[in-house]
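Here full-length UniProt numbering is used: position 579 in the sequence shown is 579, and no number is missing along the way.
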Amino acid sequence: MAKRQFPQRWPELMPQLLQVWTTGTAAQVELVLMILRSLAEDCVSSSFNTSIPPARRKDILQGLNGCLPQLFPVVYQELEKQYALYRSQMDKTSSQRLIHAALEMLKEFLEWMPLERPVDPATNLIMVAVALLDDNEFRVAAAECLEVYMTRGFGKDNRAIMLQSISQIIEKVDSIDVTTLEPDLEANLLFHKKLNDMLVTWGTCQLDTLLLEAGEQEMALLRVILKNLCRLFAHPSLILTEAQIIFWLTVLKNKTVLKQGEAFLADVLEQLRQVSFDKYFKLGSPERDNPGPQTVACECSREEFDDHNEYISYYGNFRGRLYALIRVLVQLNPTIVLQSLRERLVFVLAQYPAGTDHLSTDRGLCTDLSTAYLYHEGISSLIDCIVKQLPANAMQNPTNHQTLQAILQAILSFDTPDPLLKFRQLLVLASFAKYYVLDGSTLTAVFEMLFANINFVMSGEDVHGKMSSGTINVRRRALSSLVSICQAIPAHILPVLPVLCTKAQELFAADRVTDTEGVMLYEMLVLVSNSMENKEERVQFVQQIVQDPLTQWTSPEMTALVSSPQSIITAIEAVANDEKARKLVGTIVKTLTTLYGIAKRAGVTFSPKTTEDSGAFEGAWPHLLPNLLALVRSLHGFQEPAVKEALLKTSTACWLLSVSVDEVAQLLGGKNQLEQEEVDKLPAASKWSKWHKNVRDISYHLMGVAVGQMSFYKNPQVASVLQNSMLSDLDLMEHRHLKGALAYVYLPFLKNCPRELYPSLLDPVLGTLFGHFAQRALSIFQRPAAGDKPVQTPWSALVVGIEDAKQEIAREKMVMELTRQFIDFIEYAIDPKTVVGTDTDNPKHVTSPEDAFLRDFILTQSPSLPFAIGAILVQVICWKDTLSCRKAVLLGDKLVNVLHADTKYHTLLGRDLFSAALQGILREHVGHVKEDGLKWEIINFARNIYCRLTLGLTPVEECKGIDPCNQPLRPASSLCSAPREILLSLPDVTPGQVDALDTLLREKHSMKTQKNAFKELLEMPILSIRREQALASGSSSPLAGILGTNSASMKKVLDLPEKLVIPSREFEAQVKWQQAQNPNLDTQSLFGAQ
């Protein structure tokens, strides 16, 4: 009733409630508090689920505000009385409930009431909340109240209130023990998190207000706050620490804070550094046995994470945040950071030289859970983080240089037979690439260690036989580190290129490397050769390396094999009995991987020169491409109906059509999601699904390098080449294959297609791609009716080895990944951004001239691409994937901003995209409710369309020399009426409401105000549609009954026609008016009167 009547028709509500309060029982007092809390909560909530119209909400809040002088003394006295009863043990349960109810009500009121009201000396409820931080029963609720208050915008006018409040809060927090978690770990952990959230919220919302005047008192207060945040930063909970990181990044980059000098932050930085280093080690898993010093951290993790997998998943993001903080700490004082790092390394190598727990059963070596491995993984990651972030001048500092040298020597001196520990050792050697430039003498020892470990095997293993995953990882890590170093500083390694070649030849000659490892050796040599000054020498060097694999690739047998899908199927069927066929089929991946490794690395340069002049691989393309194009065409041909039908009848090659076990595991989030029993039942022939994936991936990767070469576009038949290879059988490609083609081939094509070929090549290729996906999306995004199975499409993959429910999840994931890939592709095409200044504190996103030219062609010169892109966005905005939808909305906004003036796009923008935006808000997929943030973005998109197309309004930032509130009317012929007609077609929307919206949009140019107006208009249609959906589904939920059967029978909360009059406010306004009319002049000072 209060929602419908108060205050206009029920002005006596508050006196009546207070009458009940003073004369009623404890239960009635609690009920009054709950009523007041609910009333405020329903009005303040920004949720889209509220049933109270905006004007009604404002009336209620103003009515409540006018009653605060009556209400708060009663609340304050009640709290005093009930807390005294609670402490006296007389009626503990009743008092406890009442105090909780009062704090819950206060929390809702603190979100909106005038800032000075809760700190009124007579009823200082903030002090009450501060005092209750000492009480175990009420401390969490009290902290929540204070956190809400700290989110308010105090600004300059109310800065004194904020300073007074935070001073009282921090004085109390300073006396609270935040290190002891026993005996009630769960309750104490929750309270510590609430305290932390409160202080972080203050820092996020009020730091700038505090620093408006950075006087001695303010800085002393800030220092106490930072000291207490440091205490909480060292808390054993990861979640608690992570919540602070963004705040610290803000503080440590704030110029006012940094101006205070080194002494102001010295102890704070020391503690941040120590804690950041400590928490860079994954030692707090909830499943660790005998964790020793990390016992409390592990106990916290048991409260916060279900198992080790959830902990590891969270820890990845946590370490990423910590990385950013350590980067700032390195910049502030690299010398101290390096010294601490060295001490940490010495400790780890001395205390944990080998595994002692969680060892492997076969060899007694470390596993992922061994304490020694956790320490080595942590220290190597920490070294990688710090060394890579060192500024050049810091690295050249003699003290730092000496420390780095000592760190590197300690790493090189460490000797272990354990593959896991050795892997971390080899990994970290690649982190010192910039250091090797200053200390070339160390490179010899580094290369010796890396080359020695390329040949690493444990006893009983064979290079070309069975090797454990640990051995394989060590060998490949040694190669990866070599490649990384050569890629980072090729010119400094060029003098020893002959030595590298000799070592590589020795490994090849002794047959000590696998095919994959051989490719990486080739890559390393090519990277170094790119630094050769003489182009002829470069070309000759690459030709020598590429000769053997190219000969194999262009052989008559290989040409025949890749020429058609039938040839590949026949060869695979013959593999079991034909050694020649087995060898030839196995050569495809090896040869293409080798050629890809060389092609990718040849000509790579860090100078701004074009690759055309440095393409040492240039001469190989004419020989390589014919068979590559034929292979791509054959792979696509597997999906042709006749070929597919024949393929499914084979015993071995039929597995080419299934999804490999590794792909399924990746789609489901890890191998632990697979049913091992089902996987074990798969026949040996199932390996061909993985072979197909590998061949297709490497083919697309190599095509991606090819379309990045200028020579590719010199072929006059280039359009036909693409049509007969990459675009062949596009309509039949599986989702996963189309995603790979987009990422590996079409994106490089988009980036590298010459400007002069945009109309003749880029336009038709993108038109084909976009047009196809728009049609595909129309089919795959269809919502099955309740109880129906998901729509089966010709692009659905064959998934085996898992139960039906998980098969469907895997297929859904493929659809989602393809959709996201297409949206990313469109984003690069029409809203490309390049990040500049990544090594500074203020990186920026800019659009390069080349990208701008591409964007302008697609949006303003192509006759068809805007429509094709729009058709995709229409589908995605209505779909259930939040990430895709959010990007699609931003891209739709881009289309509107660029194309709104051209009437030929009005149907696309004003009808299709506007309808899609409204549908995205009004109708949601079952189980996939859009978050409020995304709904605001969609509303802003709809608002932009309506303002630009229907009203002809220009945003404020584009109004050059025009008053935004009085923009000239545009001719009706240039406007689009479709959005207005669509709004009028919505249930419960009247012409008067739309007219009022038009007026507001013309008069109020604040984007926030306009968005609120749109949201208010759409609230009733949302409720109406939800009611229809609940009734149509035959829902038995209580909601369906409450919603009623029709719009007329539903008991809505309606706006009241009576003007809201609050006597106290009216009196204040009258006094102010009289003062303005009759100012209180000091007449004694007139005419020189004494």
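Backbone N, C-alpha and C define an ideal beta-carbon position, used for all residues, glycine too.
Assigned secondary structure, H772 (DSSP; H/G/I helix, E/B strand, else coil): Within the sequence shown, residue 772 is the residue found at index 772, counting from 1. DSSP places H772 in the helix class (H, G or I) of the three-state scheme.
Strand pairing of S413, partner residues [DSSP]: Along the sequence shown, read from residue 1 onward, the residue named residue 413 stands at position 413. According to DSSP, S413 bridges with nothing at all.
Straight-line Cα distance separating N752 from A705: Taking the first residue of the sequence shown as position 1, residue 705 is located at position 705. Taking the first residue of the sequence shown as position 1, residue 752 is located at position 752. Before going on, a small fix: residue 705 reads as Val here, not Ala. When rounded, the distance between both Cα atoms is 10 Å.
C-beta contact flag for V224 and I170 at 7 Å: The sequence position of residue 224 within the sequence shown is 224, counting from 1. The sequence position of residue 170 within the sequence shown is 170, counting from 1. Between V224 and I170, the CB-CB gap stays under 7 Å.
Rounded straight-line distance, which links the Cα of I572 to that of A410: Here residue 410 corresponds to residue number 410 of the sequence shown, with the count starting at 1. Here residue 572 corresponds to residue number 572 of the sequence shown, with the count starting at 1. Cα to Cα, A410 sits roughly 52 Å from I572.
Identified DSSP bridge partners for V834: Position 834 of the sequence shown, counted from the start, is the residue given in the question as residue 834. Checking the sequence shown, residue 834 turns out to be Thr, not Val. In DSSP, T834 forms a bridge with V846.
First and last residue of the uninterrupted alpha helix (DSSP H) at H692: Along the sequence shown, read from residue 1 onward, the residue named residue 692 stands at position 692. According to the DSSP assignment, H692 belongs to the alpha helix (DSSP H) that extends over 687–706.
L325 beta carbon less than 7 Å from that of W248: Working through the sequence shown from its first residue, we reach residue 248 at position 248. Working through the sequence shown from its first residue, we reach residue 325 at position 325. The Cβ-Cβ distance between W248 and L325 falls below 7 Å.
Residues bridged to L798 (per DSSP): Walking along the sequence shown from the start, residue 798 turns up at place 798. DSSP lists S658 as partners of L798.
Distance between P991 and R776 (C-alpha atoms, nearest Å): One-based indexing of the sequence shown puts residue 776 at position 776. One-based indexing of the sequence shown puts residue 991 at position 991. Between R776 and P991, the C-alpha separation is close to 38 Å.
A576 classed as buried or exposed, judged by whether at least 16 other C-beta atoms fall within 10 angstroms: In the sequence shown, counting from the first residue as 1, residue 576 sits at position 576. Exposed.
Endpoints, alpha helix (DSSP H) assigned at D384: As a first step, residue 384 is located in the sequence shown; it is residue number 384 there, counting from the start. First-last of the alpha helix (DSSP H) with D384: 371–389.
Same chain, Cβ closer than 7 Å to L997, five either side skipped, listed in chain order: Stepping through the sequence shown from its first residue, residue 997 is reached at position 997. Cβ neighbours of L997 beyond the five flanking positions: A1013, L1017.
Cutoff 8 Å; reference P1079; Cβ partners in own chain excluding five residues on either side: For the purposes of this step, residue 1079 is taken as the residue at position 1079 of the sequence shown. At P1079, the pLDDT of 48 sits below 50, so the modelled position is not reliable; the number obtained from the coordinates is stated separately. Same-chain partners within the cutoff: there are none.
Distance between I569 and Q639 (C-alpha atoms, nearest Å): One-based indexing of the sequence shown puts residue 639 at position 639. One-based indexing of the sequence shown puts residue 569 at position 569. Each residue's Cα considered, the two are about 13 Å apart.
Simplified DSSP state of N124, which is helix, strand or coil: As a first step, residue 124 must be located in the sequence shown, where it is residue number 124. DSSP places N124 outside both helix and strand once states are collapsed to three, so it counts as coil.
Segment contact, 8 Å Cβ cut-off, at least three pairs: the segment 484–500 with the segment 435–450: Contact holds: three or more Cβ-Cβ distances are below 8 Å.
Pick from A916, K583, N715, L240 that is closest to L195, judged by C-alpha positions: Here residue 195 refers to the residue found at position 195 when the sequence shown is read from its first residue. In terms of Cα proximity to L195, the closest of A916, K583, N715, L240 is L240.
Status (buried if at least 16 other CB within 10 Å, exposed otherwise) for R696: The sequence position of residue 696 within the sequence shown is 696, counting from 1. With 16 or more Cβ atoms within 10 Å of its Cβ, R696 is classed as buried.
Neighbourhood of W10 by C-beta distance below 6 Å, restricted to the same chain and skipping five residues each side: Counting from one through the sequence shown, the residue named residue 10 turns up at place 10. Here the set comprises nothing.
Local conformation of I489 per DSSP, three classes: In the sequence shown, the residue the question calls residue 489 occupies position 489. In the structure shown, I489 sits in coil (DSSP, three-state: anything other than H, G, I, E or B).
Contact with chain B by I877, beta-carbon distance below 7 Å: The structure shown contains no chain B; it holds only a single protein chain.
Nearest to S760 (by Cα), restricted to the options L732, F857, E182, T256: Walking along the sequence shown from the start, residue 760 turns up at place 760. Among L732, F857, E182, T256, the Cα nearest to that of S760 belongs to F857.
Reference E303, options D831, L31, G284, L382, closest by Cα: Mapped onto the sequence shown, residue 303 falls at position 303. Among D831, L31, G284, L382, the Cα nearest to that of E303 is on G284.
DSSP-derived helix/strand/coil call for H358: In the sequence shown, residue 358 corresponds to position 358, counting from 1. DSSP, reduced to helix, strand and coil, places H358 outside both helices and strands of the structure shown, so it counts as coil.
Residue from T793, A829, A665, L730 with nearest C-alpha to L762: One-based indexing of the sequence shown puts residue 762 at position 762. Out of T793, A829, A665, L730, A829 has the C-alpha closest to the C-alpha of L762.
Distance between beta carbons of L730 and T768, contact taken as under 8 Å: On the sequence shown, residue 768 is found 768 positions in, with the first residue counted as 1. On the sequence shown, residue 730 is found 730 positions in, with the first residue counted as 1. The pair is a contact, with the Cβ atoms about 7 Å apart (cut-off 8 Å).
Whole-angstrom distance between W688 and L648, CA atom to CA atom: Residue 648 sits at position 648 when you count from the first residue of the sequence shown. Residue 688 sits at position 688 when you count from the first residue of the sequence shown. Taking the straight line joining both Cα atoms gives about 13 Å.
Proximal residues to L103 (C-beta, below 7 Å), its chain only, five neighbours per side dropped: In the sequence shown, residue 103 corresponds to position 103, counting from 1. Contacts found: F138, A141, A142, C145.
Start-to-end residues for the alpha helix (DSSP H) that takes in C145: Taking the first residue of the sequence shown as position 1, residue 145 is located at position 145. Looking at the DSSP string, the run of the alpha helix (DSSP H) that includes C145 is 139–150.
Own chain partners of F773 with C-beta closer than 7 Å, once the 5 adjacent residues on each side are dropped: Residue numbering aside, residue 773 sits at position 773 when the sequence shown is read from its first letter. Within the same chain, F773 has close Cβ partners F822, I872.
Close beta carbons around L359, own chain, < 8 Å, minus the five adjacent residues each side: By one-based count along the sequence shown, residue 359 stands at place 359. Cβ neighbours of L359 beyond the five flanking positions: L365, C366, T367, S370.
Exposed unless 16 or more other CB atoms sit within 10 angstroms - verdict on V446: As a first step, residue 446 is located in the sequence shown; it is residue number 446 there, counting from the start. That one is buried.
For H692 and L450, the rounded distance between their alpha carbons: Here residue 450 refers to the residue found at position 450 of the sequence shown. Here residue 692 refers to the residue found at position 692 of the sequence shown. L450 and H692: Cα-Cα distance of roughly 33 Å.
Chain-order list of residues whose beta-carbon lies under 7 Å from that of P15 (same chain, five-residue window excluded): Taking the sequence shown and counting its residues from 1, one reaches residue 15 at position 15. None.
Proximity below 7 Å, CB of I939 to CB of K880: As a working mapping, residue 939 is identified with position 939 in the sequence shown. As a working mapping, residue 880 is identified with position 880 in the sequence shown. Inclusion of I939 and K880 in the CB contact set at 7 Å is not warranted, their separation being larger than that value.
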